[in-house]
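Student: Residue numbers for the sequence shown follow numbering that gives the first Met the number 0, beginning at 0 and rising by one.
The structure follows.
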Amino acid sequence: MAPADDIIIQVEAPLSFESFDKIIVSIMAKKIASGATHLVLDLPVGPTLKIKHFKDAEIIAEKFRFLAKKFKIKVTVDINQLLEPAGHAVGPVLEACDVLKVLEQRPDRPFILEAKALRLSGKLLDLCLPDQKKEKNISGEDLAKKILSEGRALRKMREIIKAQGGNSDITIDKIQLGKYKYEVPSSKKGIITGFNNHDLTIIAKILGAPADKQAGIYIERRIDEKVDKGDILCILYSADKWRLKEATETLRNVPIYEIE
């Protein structure tokens with residue numbers, strides 16, 4: 000829908016030359032081109048994210064609202080603090096596993112990711128169905144929870160997969176992860192006090208993600224958890240053993256976890 004725009008972004012990103020205004024226009028151009036009429040925007044804020052301060056998030060949100068109004072798109076913006084990933088993983092296949100776990104309501108699903116998905120879905124339902132929900136006296140988030148718990152969200156996802164030519168019967172057990180993996184141990188005993196999302200992205204790219212669908216990082220430990228020396232913090236996956244080697248060596252200089 001915006002091929003030239005995508006090429007420009009691919010050039011800018013490695014140079015750390017990304018303009019917020021450019022990103023805003025890029026996102027809205029795609030929404031307008033696809034005919035979107037309602038939009039929920041997730042704006043995470045954190046010390047190791049693109050948006051580091053809430054005041055900047057408010058300015059960006061206002062610019063989104065301005066453009067949305069110009070093109071008659073109903074929009075709601077969710078500004079939230081994010082200190083670590085909501086899911087358990089980073090990388091196409093690993094993230095797909097997270098999503099399936101939530102949709103299938105498995106006991107080991109990422110509950111933070113589920114909560115965030117329900118909150119955003121609820122905001123979209125509030126935006127799209129204000130009158131119907133008022134009559135039924137139910138919030139958008141409660142309606143989203145009902146749709147998820149009844150299995151309707153999973154059935155709809157399988158319909159979408161089938162319409163796109165994929166395997167609609169796919170399960171987590173059938174998904175293959177990267178052939179090579181490395182379990183990252185904690186170098187000391189302590190409490191996890193910080194998580195560097197920027198460094199996480201760097202390591203994931205070195206592993207081959209997102210081009211290598213099976214590459215990525217599975218997060219075993221979260222902020223505020225206690226760890227002993229040698230405990231596994233995360234697992235690196237790649238289809239290329241040399242990429243995996245480079246990623247493990249790079250971790251020494253760009254650590255994902257802060258332990259005190």
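We put the CB at the ideal spot given by N, CA and C, even for glycine.
From a predicted model like this one, the values you see are computed outputs, not experimental measurements.
Is Ala214 closer than 7 Å to Tyr236 when the C-beta atoms are compared?
Tutor: Here residue 236 refers to the residue found at position 237 of the sequence shown. Here residue 214 refers to the residue found at position 215 of the sequence shown. Contact flag set, yes.
Student: Have a look at Glu149, Ser185 and Val92 and flag the residue whose alpha-carbon is nearest the alpha-carbon of Lys260.
Tutor: Residue 260 cannot be examined here, being either before or after the span of the chain that is shown, 0 to 259.
Student: Kindly provide the ranges of any alpha helix (DSSP H) runs that are 4 or more residues long and lie completely inside the region 118 to 181, ordered along the chain.
Tutor: List check, alpha helix (DSSP H) in window: 129 to 135, 139 to 148 and 151 to 162.
Student: So, with DSSP's three-state summary, where would you put Leu82?
Tutor: Locating residue 82 in the sequence shown gives position 83, where the first residue counts as 1. Leu82 falls in the coil class under three-state DSSP.
Student: Per DSSP, which residues does Cys233 bridge with? Please list them.
Tutor: Locating residue 233 in the sequence shown gives position 234, where the first residue counts as 1. DSSP, once it has assigned bridges, lists Val183 and Ile218 as partnering Cys233.
Student: Using a Cβ distance threshold of 8 Å, determine whether the region 154 to 161 contacts the region 189 to 201, with at least three qualifying pairs required.
Tutor: No, the region 154 to 161 is not in contact with the region 189 to 201.
Student: Are Leu112 and Gly86 touching if we call contact CB-CB under 7 Å?
Tutor: By one-based count along the sequence shown, residue 112 stands at place 113. By one-based count along the sequence shown, residue 86 stands at place 87. Yes, they are a contact pair.
Student: Starting from the Cα of Lys178, find the closest Cα among Lys212, Gln104 and Ile218 and give me that residue.
Tutor: Your numbering for residue 178 matches position 179 in the sequence shown. Here the closest residue by C-alpha is Lys212.
Student: Output the boundary residues of the beta strand (DSSP E) element that contains His37.
Tutor: Against the sequence shown, residue 37 aligns to sequence position 38. That run of the beta strand (DSSP E) goes His37 to Val44.
Student: Looking at C-alpha atoms only, which residue of Gln80, Lys51, Phe70 and Glu219 is the closest neighbour of Gly34?
Tutor: One-based indexing of the sequence shown puts residue 34 at position 35. It is Phe70.
Student: Looking only at DSSP bridge pairs, what is Asp107 linked to?
Tutor: Along the sequence shown, read from residue 1 onward, the residue named residue 107 stands at position 108. None, per the DSSP bridge assignment.
Student: Taking Cβ to Cβ, would you say Val92 is nearer than 7 Å to Ile22?
Tutor: Here residue 92 refers to the residue found at position 93 of the sequence shown. Here residue 22 refers to the residue found at position 23 of the sequence shown. Cβ distance not < 7 Å, so Val92 and Ile22 don't count as in contact.
Student: How would you write the range of the beta strand (DSSP E) that Phe194 sits in, first residue to last?
Tutor: To locate residue 194, count along the sequence shown from 1; it is residue 195. Looking at the DSSP string, the run of the beta strand (DSSP E) that includes Phe194 is Gly189 to Phe194.
Student: How close, in whole Å, do the beta carbons of Gly45 and Leu81 come, if the pair is a contact with beta carbons under 8 Å?
Tutor: As a position in the sequence shown, residue 45 is number 46, starting the count at 1. As a position in the sequence shown, residue 81 is number 82, starting the count at 1. With a Cβ gap of about 5 Å, Gly45 and Leu81 count as contacting.
Student: From Ile255 to Val39, what does the alpha carbon distance come to, in whole angstroms?
Tutor: Within the sequence shown, the letter at position 256 stands for residue 255. Within the sequence shown, the letter at position 40 stands for residue 39. Roughly 29 Å separates the two Cα atoms.
Student: Whose C-beta lies closer than 6 Å to the C-beta of Gly189 among residues of the same chain, with five residues either side of it excluded?
Tutor: As a working mapping, residue 189 is identified with position 190 in the sequence shown. These residues qualify, in order along the chain: Ile258 and Glu259.
Student: For Val226, which residues does DSSP report across the bridge?
Tutor: By one-based count along the sequence shown, residue 226 stands at place 227. According to DSSP, Val226 bridges with Gly189.
Student: Would you grab the beta carbon distance between Leu232 and Glu245 for me? Rounded to a whole angstrom, and I think it's under 8 Å.
Tutor: Here residue 232 refers to the residue found at position 233 of the sequence shown. Here residue 245 refers to the residue found at position 246 of the sequence shown. No, Leu232 and Glu245 are not in contact; Cβ-Cβ is about 19 Å, not under 8 Å.
Student: Helix, strand or coil for Ala88, going by three-state DSSP, please let me know.
Tutor: Taking the first residue of the sequence shown as 1, we reach residue 88 at position 89. Strand.
Student: Locate the beta strand (DSSP E) running through Ile258, then write down its first and last residues.
Tutor: Sequence index remark: in the sequence shown, residue 258 carries index 259 (1-based). Residues Tyr256 to Ile258.
Student: From Ala116 to Gly150, what does the alpha carbon distance come to, in whole angstroms?
Tutor: To locate residue 116, count along the sequence shown from 1; it is residue 117. To locate residue 150, count along the sequence shown from 1; it is residue 151. The alpha-carbon atoms of Ala116 and Gly150 are separated by roughly 15 Å.
Student: Label Ser120 either buried or exposed according to how many other C-beta atoms from any shown protein chain fall within 10 Å of its C-beta, with 16 as the threshold for buried.
Tutor: If you number the sequence shown from 1, residue 120 lands on position 121. Buried, because 16 or more other Cβ atoms sit within 10 Å of the Cβ of Ser120.
Student: For Gln104, which of Arg242, Val89 and Lys144 has the nearest alpha-carbon?
Tutor: Working through the sequence shown from its first residue, we reach residue 104 at position 105. Per the Cα distances, Lys144.
Student: What does the Cβ neighbour count give for Ala162, buried or exposed, with the cut at 16 atoms within 10 Å?
Tutor: On the sequence shown, residue 162 is found 163 positions in, with the first residue counted as 1. Ala162 comes out exposed.
Student: Tell me the residue span of the alpha helix (DSSP H) that contains Lys30.
Tutor: Reading the sequence shown from its first residue, position 31 is the one you call residue 30. Residues Phe19 to Ala32.
Student: Out of Lys68, Asn136, Glu83 and Ser148, state which residue places its alpha-carbon closest to the alpha-carbon of Pro106.
Tutor: Here residue 106 corresponds to residue number 107 of the sequence shown, with the count starting at 1. Checked all of Lys68, Asn136, Glu83 and Ser148; the closest Cα to Pro106 is Ser148.
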